[in-house]
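Our numbering puts the sequence shown at residues 1 to 148. One structure below.
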Amino acid sequence: IPCVPWQSQTSGQYQRRVHGGNMKTKDLIEKDVIVLYFSAHWCPPCRGYTPKLAEAYTSLKKEGKSIEIVFVSSDRTEADFKEYYSEMPWVALPYADRAKKAELCETFEVAGIPRVLLLDPKTGKMTNSDARGDVVADMKGEKFPWAE
C-alpha cells in the first residue's frame, strides 16, 4: 500500500455508518476518486450543502462510479460529529484522530468550510482543489472524475 496522506494514524480504518464495520485504507485506494469533505455541524453553509452532496453520492454510486467520500470533521465535540455524521452515507475520519485532521487541513491548505477536494487514491495527489460545485452539478458522473 502506498503512503497516502489521508490514512488514519489511530487505526488505519475509517468509520462507516452504512453496512456497519469500518472501511480500510486499502479499500479506499481501490477507488478511482477519493473526495475529502471538510465540514462541520455548526456551519450553516455546510448543513445546506451536505444533503446535496449526499444526493450526488447516492446517484453516482447507482451509476457505478468508483468513488468514496471521506468526511473530515471540524465539529467542536464528538457528540456534534456523531449527530452530523448520522446524516451522511459515506465514511469518516474518526473524530478522535484530531492530529490527522490537522495534518489534512495543513497539507491541503483548508482555510474555510465547506471544502470539497478530490484525490487520486493511487498517488495521493490532489486532482481538484475546489470540487464543491463539480460533484453536485454532475449527478450522473458524465464529467467524472472532475479533474482540474
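No residue lacks a Cβ here, since even glycine has one placed at the ideal position from N, Cα and C. Since we're looking at a predicted model, the values are computed, not measured.
In or out: residue i buried (at least 16 other Cβ within 10 Å) or exposed?
i: Gly141; result: buried
i: His19; result: Unreliable placement is indicated for His19, whose pLDDT of 38 sits below 50; no coordinate value is reported for it.
i: Ala131; result: buried
i: Lys101; result: buried
i: Ser39; result: buried
i: Ser8; result: Confidence is the limiting factor: at Ser8 the pLDDT is only 45, short of 50, which leaves the residue's position unreliable, though a coordinate-based value still follows. Buried.
i: Trp6; result: Confidence at Trp6 is low in this model, with a pLDDT of 45, below 50, so its placement is unreliable and no value can be given for it.
i: Lys143; result: exposed
Please confirm whether residue i and residue j have their CB atoms less than 9 angstroms apart.
i: Ser66; j: Ile113; result: no
i: Val33; j: Glu55; result: no
i: Ala96; j: Glu78; result: yes
i: Arg228; j: Leu36; result: With the chain running from 1 to 148 in the structure shown, residue 228 is simply not present.
i: Val91; j: Leu28; result: yes
Give the range of the alpha helix (DSSP H) segment to which residue i is assigned.
i: Ser73; result: Careful: Ser73 lies outside any alpha helix (DSSP H), inside the beta strand (DSSP E) at 67-73.
i: Val135; result: 132-136
i: Arg47; result: 44-62
i: Arg98; result: 98-107
i: Phe81; result: 78-85
i: Thr25; result: 25-29
Just curious, the beta strand (DSSP E) that residue i is in, first and last residue?
i: Thr127; result: 126-128
i: Phe38; result: 33-39
i: Leu118; result: 115-119
Whole-angstrom Cβ separation of residue i and residue j, contact assumed at under 8 angstroms?
i: Leu93; j: Val110; result: Actually they do not touch by this definition, with Cβ atoms about 13 angstroms apart.
i: Pro121; j: Lys31; result: 5 angstroms
i: Glu87; j: Thr50; result: 6 angstroms
i: Ala147; j: Thr127; result: 4 angstroms
Pick out whichever of the options has its Cα sitting closest to the Cα of residue i.
i: Val136; options: Pro121, Leu117, Lys125, Lys122; result: Leu117
i: Gly133; options: Leu53, Ala99, Met23; result: Leu53
i: Tyr85; options: Arg47, Leu60, Ser129; result: Arg47
Determine, using beta carbons only, whether residue i comes closer than 9 angstroms to chain C.
i: Ser86; result: As a matter of chain content, chain C is missing from the structure shown, which is built from one protein chain.
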